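One structure is given below, encoded as structure tokens.
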Amino acid sequence: LSGNSISGTLPSEIGQLTSLLVLYLEEMQLIGTMPTGIGLLTSLLQLDMYANNLSGTIPTELWLLSNLNFLRVNENNFVGTLGTEL
Numbered sequence: 045l046s047g048n049s050i051s052g053t054l055p056s057e058i059g060q061l062t063s064l065l066v067l068y069l070e071e072m073q074l075i076g077t078m079p080t081g082i083g084l085l086t087s088l089l090q091l092d093m094y095a096n097n098l099s100g101t102i103p104t105e106l107w108l109l110s111n112l113n114f115l116r117v118n119e120n121n122f123v124g125t126l127g128t129e130l
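Heads up: the sequence shown begins at 45 in my numbering, then just goes up one per residue.
Okay, structure coming up:
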């Protein structure tokens with residue numbers, strides 16, 4: 045879905061896509077926070093949310109994704125620390 049003119053927030057239901065391996069949502073016009081449901085994507089290998097307008101903190105549930113080997117979330121408006129879960 046990358047680079048499209050899709051805008052808005054990420055639905056909390058995104059966590060129901062438990063077989064999802066790759067999620068590329070970079071350079072879109074997403075706003076709001078990253079849903080904690082992201083932490084339910086236990087099969088996820090790659091997550092790219094580069095260059096959106098996401099804000100708030102990165103949910104600690106994200107660090108539970110033991111298969112995740114690529115994460116790019118820069119060029120957003122996240123605040124806070126990443127924590128020791130890494």
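Using N, Cα and C, we set each Cβ at its ideal position, and we do this for glycine too.
Note that the structure is a prediction, hence the values are computed from the model and not measured.
Measure the Cβ-Cβ separation of residue i and residue j and say whether it is below 9 Å.
i	j	result
leucine 74	asparagine 97	yes
leucine 91	glutamate 105	no
methionine 72	proline 103	no
asparagine 121	alanine 95	no
leucine 61	glycine 76	no
tyrosine 68	leucine 45	yes
So, with DSSP's three-state summary, where would you put residue i?
i	result
glycine 52	strand
leucine 67	strand
So the candidates are the options; which of them puts its Cα closest to the Cα of residue i?
i	options	result
threonine 125	Trp107, Ser63, Thr86 and Ser56	Trp107
threonine 80	Ser51, Phe114 and Thr101	Thr101
serine 110	Val123, Leu54 and Ser87	Ser87
glutamate 70	Leu89, Ile50, Val123 and Asn113	Ile50
serine 99	Gly47, Leu45, Tyr68 and Gly52	Gly52
serine 56	Arg116, Phe114, Ile82 and Leu115	Ile82
asparagine 48	Ser63, Asn113 and Met93	Met93
Can you tell me where the beta strand (DSSP E) with residue i in it begins and where it stops?
i	result
leucine 45	Run containing leucine 45: none; DSSP gives neither H nor E here.
valine 123	From DSSP, valine 123 is part of no beta strand (DSSP E); its letter is neither H nor E.
serine 99	97-100
glutamine 73	73-77
glutamine 90	90-92
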